[in-house]
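Take a look at the structure set out below.
There are 2 protein chains.
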Amino acid sequence: MQDVLRRPDIPACLRICAGTDGSVTQLLEVLTGKTVKVETIYQKVIKATTEIAQLLGIAKGGEVNDRLVILKVEDIVYVLARSLSPINRIPPAVKTDLMRADIPIGRILREHKLETRRDILKMEILHRDFFGKLPVLSREYKIIYNNDVLMWINECFPVDDRWKM
Amino acid sequence: MQDVLRRPDIPACLRICAGTDGSVTQLLEVLTGKTVKVETIYQKVIKATTEIAQLLGIAKGGEVNDRLVILKVEDIVYVLARSLSPINRIPPAVKTDLMRADIPIGRILREHKLETRRDILKMEILHRDFFGKLPVLSREYKIIYNNDVLMWINECFPVDDRWKM
Numbered sequence: 304m305q306d307v308l309r310r311p312d313i314p315a316c317l318r319i320c321a322g323t324d325g326s327v328t329q330l331l332e333v334l335t336g337k338t339v340k341v342e343t344i345y346q347k348v349i350k351a352t353t354e355i356a357q358l359l360g361i362a363k364g365g366e367v368n369d370r371l372v373i374l375k376v377e378d379i380v381y382v383l384a385r386s387l388s389p390i391n392r393i394p395p396a397v398k399t400d401l402m403r404a405d406i407p408i409g410r411i412l413r414e415h416k417l418e419t420r421r422d423i424l425k426m427e428i429l430h431r432d433f434f435g436k437l438p439v440l441s442r443e444y445k446i447i448y449n450n451d452v453l454m455w456i457n458e459c460f461p462v463d464d465r466w467k468m
Numbered sequence: 304m305q306d307v308l309r310r311p312d313i314p315a316c317l318r319i320c321a322g323t324d325g326s327v328t329q330l331l332e333v334l335t336g337k338t339v340k341v342e343t344i345y346q347k348v349i350k351a352t353t354e355i356a357q358l359l360g361i362a363k364g365g366e367v368n369d370r371l372v373i374l375k376v377e378d379i380v381y382v383l384a385r386s387l388s389p390i391n392r393i394p395p396a397v398k399t400d401l402m403r404a405d406i407p408i409g410r411i412l413r414e415h416k417l418e419t420r421r422d423i424l425k426m427e428i429l430h431r432d433f434f435g436k437l438p439v440l441s442r443e444y445k446i447i448y449n450n451d452v453l454m455w456i457n458e459c460f461p462v463d464d465r466w467k468m
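Chains as they are written, first to last, in my numbering: chain A, 304 to 468; chain B, 304 to 468.
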């Protein structure tokens, strides 16, 4: 287990969401008893920089879907999530959902019955402009499908009392 | 979301473990901050009955690994879990771990880098002799691998104050 998940100053509900290898949306819905809403901040197709190409194991310049969303429950933002997916590796049916609609990734994978695994890469406390001066628990992981990276994800969870639920 | 996960009389930590589509062991470790121990009650190879054959999508009489374990943290039992796996579908390297050692299934799947998905079948409150008169939250799910059932799992969580952590 990552050290940050043992810190007593991190609320238990946040440690749970950051520690799961399953769907965060699903846990948020169990914790709050309410439906999670996804709001897309941007979604665009970019060319992979050297750094992104390395993260995804693709060639530099390859097309990548770049998506930034927030997960909200009743106007409270719990997660800011950025995902990068190599366009060529996204199954056609999944592509439509991923590039068009405000659907959580866990639900997309489930509805399209994809068999995957999640590899947690790192977890750390840092700051993100989006959350102002609040510390943020950031984790990075990869969703692996057919032995390749289908998606690199960075989730940022603001660390404060909103998790005392 | 299953109705039982909205019941206020079910402790939040139990709702979380029963509601995840990820590893229960991992969540238990985050919740308690301690290592989960798996104790095998039995592990045997049986011939599939009509009912088991149907659950797993195999022929009646096919060989099935039948495993009953408990998950404990410091002598407190949190989960009683029975799993049924068609022997023919278990990758050889996984078979050794699954049939020999007291290793949680989530960890086995992760260490062998299997890509899978979990389909929740049902969730209900009932009783199990193992937990005496306590009500038990029982859930059944399938782990799907290569489009076939790799494992049918029934997890029983005792409903009481042990989840107030």
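We put the beta carbon where it would ideally sit given N, CA and C, even for glycine. Just so you know, these numbers come straight off a predicted model, no measurement behind them.
| query | Just curious, the alpha helix (DSSP H) that A:R403 is in, first and last residue? | reply | 395 to 403
| message | Can you pull the chain B neighbours of A:I319, defined as C-beta to C-beta under 8 Å? | response | I319, L330, V333, L334
| field | Under the three-state DSSP convention, the category B:D463 falls into | value | coil
| query | If you run the structure through DSSP and keep just helix, strand and coil, what is A:Q346? | reply | strand
| task | Just tell me which of A:R310, A:R309, A:A315 has its CA closest to the CA of A:D464. | result | A:A315
| Collapsed DSSP secondary structure at B:D432 in the structure displayed | helix
| field | Backbone secondary structure at A:I313 - three-state DSSP | value | coil
| Can you check whether the CB of A:T399 is closer than 8 Å to the CB of A:L282? | Past the boundaries of the shown model lies residue 282 of chain A; chain A is included only from 304 to 468, so the question cannot be answered.
| query | B:D432: buried (16+ other C-beta within 10 angstroms of its C-beta) or exposed? | reply | exposed
| said: Just list the residues that DSSP pairs A:V339 with in beta bridges. | reply: Paired residue(s): none; A:V339 is not in a bridge.
| 7 Å Cβ cut-off: residues of chain A touching B:E418 | E418, T419, R420, I447, Y448
| Any C-beta of chain B under 8 Å from that of A:L401 | no
| Closest residue to A:Q346 among A:I406, A:G364, A:V376 (Cα-Cα distance) | A:I406
| message | Rounding to the nearest angstrom, what Cα-Cα distance links A:L331 and B:R318 in this structure? | response | 11 Å
| task | Measuring only between beta-carbons, confirm whether A:M454 sits less than 8 Å from chain B. | result | no
| query | Going by the CB atoms, is the gap between A:D369 and A:I349 shorter than 8 Å? | reply | yes
| For A:G325, which of A:T335, A:Y444, A:K436 has the nearest alpha-carbon? | A:Y444
| Across which residues does DSSP place B:Y448 in a beta bridge pair? | B:D451
| query | Could one say the Cβ of A:D312 lies closer than 8 Å to chain B's Cβ atoms, at least one of them? | reply | no
| request: Just the C-alpha distance for A:V397 and A:W455, rounded to the nearest angstrom, thanks. | output: 16 Å
| Whole-angstrom Cβ separation of A:V424 and A:V307, contact assumed at under 8 Å? | At residue 424 of chain A the sequence reads Leu, which differs from the Val that was named. The pair is not a contact, with the Cβ atoms about 13 Å apart (cut-off 8 Å).
| Does A:A315 get closer than 8 Å to chain B when you measure Cβ to Cβ? | yes
| query | Hey, A:L334 and A:L358: beta-carbon distance below 8 Å or not? | reply | no
| query | Using a C-beta cutoff of 8 Å, does B:R413 count as contacting chain A? | reply | yes
| Whether A:L371 touches A:R392 by CB criterion (8 Å) | no
| Neighbourhood of B:R329 by C-beta, 8 Å cutoff - its chain only, sequence neighbours within 5 removed | The amino acid occupying residue 329 of chain B in the given sequence is Gln; Arg does not appear at that position. Once the five neighbours on either side are set aside, the close Cβ partners of B:Q329 are G409.
| Is it the case that the Cβ atoms of A:E414 and A:K375 are separated by a distance below 8 Å? | no
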